[in-house]
Every structure is written in structure tokens, then in C-alpha cells.
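Quick notes on the structure that follows.
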Amino acid sequence: MKKILLTPGPTPVPEEVLLAMAAPILHHRTEEFGEIFSRCLDGLKYVYQTSNEVLVVAASGTGAMEASVVNFSRPDDKVIVASCGNFGERWTKILRAYGINPIEISFGWGQAVDPAEIEKRLKENPEIKAVYTTLTETSTGVVNDIETIGQVVARSEAILVVDAISGLAGDKLLTDEWKVDVAVSGSQKGLMLPPGLAFVSLSPKAINLLETATLPRFYFDFRLMRKSVGTKETPFTPAVSLFVGLDRALAMIKEKGLGNIWRDCEKMARAVRQALLSLGLKLVAERPANIVTAAYLPENIDGGKLVKTLRQEYGISIAGGQGKLKGKIIRLAHTGYISPSDILAGLGALEKVLNNSGYKVSPGISLSRFSETINNV
């Protein structure tokens with residue numbers, strides 16, 4: 137049975153990237169690795185659309201989130217977390233683990249962060265040091281208005297820290313133009329790699345805080361990482377084979393062009409949304425992302441069982457709900473190396489499972505709607 141991965145992380149890895157990673161291992165203190173490392177940093181700057189520094193950490197995206205707390209904060213700092221789902225709320229959990237109780241601006245799961253609320257809190261609390269939020273809230277399929285949020289935060293002394301883990305290289309992000317001071321991401325989403333690498337872009341405004349931060353840090357110390365960049369090395373042993381794969385994946389992204397990638401994700405997103413609507417499903421996001429679509433299931437269908445059936449009987453892996461939406465929604469990704477044919481296979485299997493679960497749909501209706509929409513976008 138052929139297996140198709142339609143989850144918002146990990147996403148499929150292209151064969152040429154897998155082959156690159158299968159090459160004999162390199163030693164990380166060699167000129168050959170140094171050149172790969174340097175090319176990767178340049179390629180990441182292109183994907184981030186930034187001239188700022190970019191650092192790479194051998195960790196999950198959550199590791200980069202934690203690093204983006206400890207490198208800029210002191211225990212008595214006032215910070216804002218603007219969240220609208222599971223991953224936005226993760227910022228709060230990390231901050232509290234280090235003794236910082238943030239000002240929380242929480243929006244309903246499915247809603248987008250309102251920049252006006254952030255502006256209001258910044259005016260009420262001019263001593264705020266940082267605003268933490270998400271680009272794409274993967275748990276609900278929402279994309280936030282980071283462009284406007286960036287303009288709001290830039291008028292204050294605070295830095296803007298954005299979780300772009302799932303959104304990078306799928307949902308549009310113009311790091312410099314949108315005045316994002318810190319943007320974190322991971323390897324297993326739009327960058328078409330296995331999990332294991334995390335990335336952080338740093339503006340000069342953020343770098344200025346590195347020496348005043350007093351939270352404990354060692355492995356995640358950005359100061360050590362910045363020093364190593366000049367020698368084309370990392371301070372600790374890097375995930376060498378993942379860097380080799382990243383080098384190839386970034387070359388593929390550059391060859392296709394970031395603008396074309398954004399457009400393709402947008403086309404697939406619109407088509408997936410129309411396909412799910414044709415099945416009578418309600419979308420979760422009021423401001424839908426281009427990398428993942430979330431939809432509510434009929435009340436009599438268990439989302440966990442549906443996801444398991446798709447995987448075990450049809451070889452289709454999609455994501456279910458998290459937290460308060462567990463068992464209630466499904467999530468289909470359309471980013472990275474996911475193709476329209478992959479999505480068509482997923483929709484066909486979804487129709488069968490829905491019908492077998494007692495929720496009757498016209499066979500092929502979502503496939504037709506998807507094809508019609510993507511060909512007319």
C-alpha cells in the first residue's frame with residue numbers, strides 16, 4: 137500500500153533530498169561542511185526574506201521557541217503572548233517554565249489575533265519587552281496578520297517574536313519588511329526535511345537584548361552560535377546529514393522561486409477548502425492559512441478513529457485535532473512537497489471513510505470541486 141503524508145509536519149521529503157542525506161557522513165570541522173553550512177545560511181535568508189542573521193539549532197521547532205525566550209528575557213520582564221490556538225499557547229508554557237508570567241491576549245481557537253488588541257496592551261504597558269505570537273496557528277489552520285502586528289510592535293520598544301515553524305516557505309513571510317525581530321522555524325514543514333533542525337532569524341533590535349538577558353542558557357546560547365558563524369561552524373556537533381539535505385532543499389526552493397511556492401500553496405489551499413465545503417464540512421479558521429486547512433467533522437464521527445482508519449486502511453496520513461478540538465476536526469496540509477495528486481488521493485479516501493461512517497456524500501464530489509477550483513485559481 138502506497139503511503140501518502142498529508143500532515144502539517146512532518147511533510148514529505150523529496151527523493152533527491154533523501155539521496156543527498158544518504159551520502160557518506162562528513163566531519164563537521166572540515167572545509168567541505170563549512171561551505172555547506174555557509175550556503176544553508178544564505179539560502180535560509182532567502183526563504184526568510186531577510187538580511188538579518190539566521191542561526192541553526194539541532195532541535196525541534198519548540199527548541200528554537202525556548203531559545204527565543206531565554207536569550208532575550210529576564211525573570212522580571214513584562215511580555216505579551218497573543219495566541220489563538222495550541223501553539224500560540226505554547227509560548228506561555230515556555231515563559232512560565234522560566235518564571236515569567238506573560239500578559240495573555242487569548243483569542244478563540246479558529247479566530248485570528250487582532251493587532252488592535254496588541255496595540256492597546258502595548259500602550260497600557262509601555263515597559264513590555266517582547267510580544268510573542270504565531271504566523272500560522274497549525275492547530276486551527278489560521279494565519280495571523282503579522283504584517284500589521286509588526287507595524288504595531290515596531291512603534292514600541294518591544295521586540296516581535298514569531299513562531300513561523302509551520303508557515304515558513306508556505307504562508308507569506310517578509311521578515312524584514314514586516315519588522316519581525318525574531319522568527320523561528322523548523323525543518324520538517326515547508327523546508328521539506330525530516331525533523332531535527334530549527335532556525336531563528338535575529339534583527340539588530342533583538343541582538344541588542346542578548347547581553348542583558350539573564351535567564352540560564354548554555355546549549356541554546358545565541359551568543360555562542362553567532363561567534364561560530366564567522367568560522368563556518370556550529371558551537372556543538374551539528375546534525376550533519378540534515379544540513380546536507382537542507383542544502384539541497386534550499387536549492388530546490390530557490391530554483392522554483394519563493395513567489396511561485398507561495399502561489400502554489402495558495403492555489404491548493406483554496407481548492408482544499410472548496411473540496412471540504414462540498415462535503416458539507418465547516419472550516420475552523422476565520423482567516424485561513426495556505427499551508428494547512430482544518431475542518432469540523434459531523435458530531436457523530438470520532439475524529440481520532442477517522443484519522444486512524446485513513447492511515448491503516450488507505451495509507452493516508454492526515455492530522456486530527458489538538459487540545460480542545462481533539463476528536464472534533466481534521467487537518468490536511470498542502471505545503472512543502474505535497475502535490476495536488478496527493479491531495480486528490482486523500483480526498484478520495486476521506487469520502488470513503490465518511491460514507492462508511494454513516495455520513496453520506498456523493499462519490500467524487502470533493503475531487504471534482506478540488507480539480508475545478510485549482511484549475512481556475
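Residue numbers (this note's numbering): 137 to 513.
Note that the Cβ used here is the ideal one computed from N, Cα and C, for glycine as well.
When DSSP states are grouped into helix, strand and coil, residue 443 belongs to the helix group.
Taken atom to atom, the span from the alpha-carbon of residue 175 to that of residue 339 is near 20 Å.
For residue 299, the uninterrupted beta strand (DSSP E) segment begins and ends at 295–299. Around residue 317, the same chain offers 295, 296, 297, 339, 341, 342 as residues with beta carbons nearer than 7 Å, after the five sequence neighbours per side are excluded. One Cα belongs to residue 205, the other to residue 360, and the distance between them is close to 16 Å.
Beta-bridge annotation (DSSP): residue 245 is paired with 247. From the listed residues 190, 416, 381, 370, the smallest Cα separation to residue 178 is found for 190.
Secondary structure at residue 465: strand, using DSSP grouped into helix, strand and coil. Rounded to whole angstroms, the Cβ separation of residue 425 and residue 235 is 33 Å, and the two are not in contact under 8 Å.
The C-beta of residue 355 has fewer than 16 other C-beta atoms within 10 Å across all chains shown, which makes the residue exposed. For residue 203, the uninterrupted alpha helix (DSSP H) segment begins and ends at 197–206. Look at residue 418 here: in three-state DSSP terms it is strand. Inter-residue distance for residue 231 and residue 212 is about 11 Å (C-alpha atoms, whole angstroms). Bridge partners of residue 424 according to DSSP: 278. One Cα belongs to residue 146, the other to residue 332, and the distance between them is close to 10 Å. For the pair residue 305 and residue 389, the CB atoms are nearer than the 8 Å cut-off. In the structure shown, the three-state DSSP call for residue 380 is helix. With respect to residue 148, residue 450 sits apart: the two C-beta atoms are not nearer than 8 Å. A direct Cα-Cα distance of roughly 16 Å separates residue 223 from residue 465.
Within the DSSP bridge table, the entry for residue 283 names no partner. Ranked by how close their Cα comes to the Cα of residue 254, the residues 219, 369, 384, 159 have 219 in first place. In the structure shown, residue 192 adopts extended strand secondary structure according to DSSP, grouped into three states. Per the C-alpha coordinates, the member of 272, 483, 495 positioned closest to residue 407 is 483. Cα atoms of residue 202 and residue 503: separation of roughly 41 Å, rounded to the nearest angstrom.
A residue is called buried once 16 or more other Cβ atoms fall within 10 Å of its Cβ, and residue 155, having fewer, is exposed. Going by DSSP, residue 373 is part of no beta strand (DSSP E) at all; its letter is neither H nor E. Scanning its chain for C-beta atoms nearer than 6 Å, with the 5 sequence neighbours on each side dropped, one finds around residue 327 the residues 305, 385, in chain order. Within its own chain, the residues whose Cβ lies closer than 6 Å to the Cβ of residue 459, once the five positions on either side in sequence are excluded, are 222, listed in chain order.
Assignment of residue 497 by DSSP, reduced to helix, strand and coil, places it in the coil class. Distance from the Cα of residue 462 is smallest, within the candidate group 410, 430, 486, 476, for 430.
Ranked by how close their Cα comes to the Cα of residue 478, the residues 507, 282, 490, 247 have 507 in first place. Where residue 302 is concerned, there is no enclosing alpha helix (DSSP H), because DSSP gives it neither an H nor an E.
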